[in-house]
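No gaps in the numbering here: position 134 of the sequence shown is 134 in this note's numbering, and each next residue is one more. Built from N, CA and C at the ideal position, the CB exists for glycine as well. Since this is a predicted model, take the numbers as computed values, not measurements.
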Amino acid sequence: MTSLSLPLEIAGAASDDNPSSDLLGVYKRAPMRFVRGEGVELIDDNGKRYLDFVSGIGVNALGYGDSELEAALANALKSGLIHVSNLYRNDPAEELAATLVELSFASKVFFCNSGAEANEGAFKFVRKWARASGNAAKTEIVALRGGFHGRLFASLAATDRPSYRSPFRPLAGGFSICERDLRDLETALDQETVAAVIVEPVQGEGGVRVLDVGFLAGLRELTRERNVALIFDEIQCGLGRTGHLFAYERVNVIPDILTLAKPIAGGLPMGAVLMTDDIASAMNPGEHGTTFGGGPLVAAVAKHVVGRLSNPGLLAAVRENGEWMRERLDELVGKSDRIRTVRGVGMMWGIDVVEPAADIVRRAWGQGLLLLTAGEHTLRLLPPLVITRDDLGRGVAMLEEAIGA
Ligand SMILES: *Cc1c(COP(=O)(O)O)cnc(C)c1O
């Protein structure tokens, strides 16, 4: 395609619709081009600094230019092994799996390359498990209102976002979406036909909804009664984001299977499925696979990242800074009629605003602050977990300005 040269103001407002880009137009990209990262800031090609409350969508938990992470990556490269395939054993993958098993409820781990891929794997594992437990009709997977589980066919069928779903029908069969209500779930979770229910303990894309402890405990009880597997999708809320290594620890509700991705390998692509022995024992050689999953380079880096994110000092700081954020954001709600309400925990916050959230995100760029949305009228904050209170305060001040509070 020929490229047009546009005046700067127009280029600045353009996205992938911009004919000068050959990237498929599935993202409405911001005009900034980032060329460097330092700590909790990104620096664009004009040298402008942005405080990052996005973290590459919850990926860059350790921020940018972290010297220990860089050393782990450089060290992993020294073996000469980036990839060996899953036909052979490799130490970093086995060590990472052992670490995750040690730190969690799980007995076995499967590595893959993204969040959607982790959920798709989990769906296969629970179906196999439900079949193995005797009932051929026990195949259905139930997801919740407001849930997001990925963009592939099965994960999309479990995602409650009409605009993501409707252009691609028919979606994968065997999925349904239920209200976040125990009464409705009592009807939906039919013991004879339902294999699993998938839940984000803190819904991310769906508006940052911290699911109630009582609801999650009730769901655990119900799924146990009905012999339905409970899948926690902690791709966004797991690995320290709530101030606990796993979001399930905050509510003390233990799932049967749990998916991870976003921050796990410090920005390298990786997903993981953690599961009980019971579910793992239903799977046999040849029944699932992936070429790249758990390669030695990515696994070595993930081992470093999981070690850092499970540090009690870091988790305590996330909890304390999270409570401090709650106070700051509650103050904003009190001061401004342009904010309706605030929800969140740890370093994961949603702010319902009167204006379209995307307009505020755009104004914040001017201030030098990066924000996310989660729906049309919700701003979402996912700062790096290593952020200091000073930087949080600086961000909240810019946020206040951008909202016009
Ligand atoms: C981002 C996300 C996914 C999808 O992960 P990808 O790596 O983009 O496939 C799934 N579930 C949740 C909760 C997420 O936040």
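How big is the Cα-Cα spacing for residue i and residue j?
i           : j           : result
residue 312 : residue 21  : 44 Å
residue 255 : residue 233 : 10 Å
residue 153 : residue 172 : 6 Å
residue 77  : residue 147 : 38 Å
residue 3   : residue 334 : Only weak support is given to the placement of residue 3: the predicted model assigns it a pLDDT of 40, under 50, and the value that follows is read from those uncertain coordinates. Their Cα atoms are separated by approximately 49 Å.
residue 135 : residue 282 : 13 Å
residue 111 : residue 404 : 44 Å
residue 328 : residue 161 : 31 Å
residue 364 : residue 235 : 26 Å
residue 319 : residue 341 : 20 Å
residue 251 : residue 380 : 22 Å
residue 369 : residue 385 : 16 Å
residue 399 : residue 209 : 20 Å
residue 37  : residue 225 : 49 Å
residue 86  : residue 67  : 30 Å
residue 321 : residue 343 : 15 Å
residue 59  : residue 278 : 30 Å
residue 376 : residue 350 : 12 Å
residue 294 : residue 337 : 49 Å
residue 104 : residue 253 : 12 Å
residue 8   : residue 359 : Here residue 8 scores only 35 on pLDDT, less than 50, and its place in the model should not be relied on; the value that follows carries that caveat. In a straight line, the C-alpha of residue 8 is about 20 Å away from that of residue 359.
residue 366 : residue 397 : 13 Å
residue 159 : residue 205 : 10 Å
Just to confirm before moving on: does the CB-CB distance between residue i and residue j stay below 8 Å?
i           : j           : result
residue 198 : residue 231 : yes
residue 72  : residue 304 : yes
residue 348 : residue 309 : no
residue 345 : residue 207 : no
residue 273 : residue 61  : no
residue 339 : residue 361 : no
residue 142 : residue 216 : no
residue 44  : residue 35  : yes
residue 269 : residue 113 : yes
residue 174 : residue 288 : no
residue 211 : residue 241 : no
residue 245 : residue 315 : yes
residue 138 : residue 280 : no
residue 52  : residue 41  : yes
residue 325 : residue 392 : yes
Taking the alpha helix (DSSP H) that residue i belongs to, which residues open and close that run?
i           : result
residue 105 : Run containing residue 105: none; DSSP gives neither H nor E here.
residue 214 : 213-226
residue 68  : 67-77
residue 320 : 312-335
residue 308 : 296-309
residue 165 : 162-165
residue 359 : 357-367
residue 188 : 182-188
residue 253 : Careful: residue 253 lies outside any alpha helix (DSSP H) and carries neither H nor E.
Can you tell me whether residue i is buried or exposed, with buried defined as 16 or more other CB within 10 angstroms of its CB?
i           : result
residue 259 : buried
residue 471 : Residue 471 lies beyond the residue range present for the chain, which begins at 1 and ends at 405; the question has no answer from this structure.
residue 50  : buried
residue 125 : buried
residue 356 : exposed
residue 203 : buried
residue 28  : exposed
residue 373 : buried
residue 317 : buried
residue 1   : Caution is warranted here: a pLDDT of 37 is assigned to residue 1, below 50, making its placement in the model unreliable, and the coordinate value is therefore given only provisionally. When all chains shown are included, residue 1 counts as exposed.
residue 166 : exposed
residue 390 : exposed
residue 248 : buried
residue 64  : buried
residue 330 : exposed
residue 170 : exposed
residue 47  : exposed
residue 150 : buried
residue 323 : exposed
residue 306 : buried
Give me the Cβ distance between residue i and residue j, rounded to the nearest whole Å; I'm assuming they're in contact under 8 Å.
i           : j           : result
residue 229 : residue 140 : So it is not a contact: roughly 11 Å between Cβ atoms.
residue 186 : residue 144 : Not confirmed; about 14 Å, so no contact.
residue 395 : residue 271 : About 29 Å separates the two Cβ atoms, so there is no contact after all.
residue 265 : residue 301 : 5 Å
residue 90  : residue 285 : Not really, about 17 Å apart at Cβ, beyond 8 Å.
residue 299 : residue 23  : Incorrect: roughly 29 Å between the Cβ atoms, too far for contact.
residue 238 : residue 182 : Between residue 182 and residue 238 the Cβ distance is about 23 Å, and since that is not below 8 Å, they are no contact.
residue 267 : residue 56  : 7 Å
residue 157 : residue 276 : The pair is not a contact, with the Cβ atoms about 24 Å apart (cut-off 8 Å).
residue 133 : residue 227 : 7 Å
What span of residues does the beta strand (DSSP E) with residue i cover, start to end?
i           : result
residue 233 : 229-233
residue 348 : 348-353
residue 131 : Taken as a continuous stretch (DSSP letters only), residue 131 belongs to no beta strand (DSSP E), being part of the alpha helix (DSSP H) at 115-132.
residue 275 : 271-275
residue 176 : 175-178
When the cut-off is 8 Å and only beta carbons count, does residue i lie next to chain D?
i           : result
residue 103 : Given the protein chain composition of this structure (a single chain), no chain D is represented.
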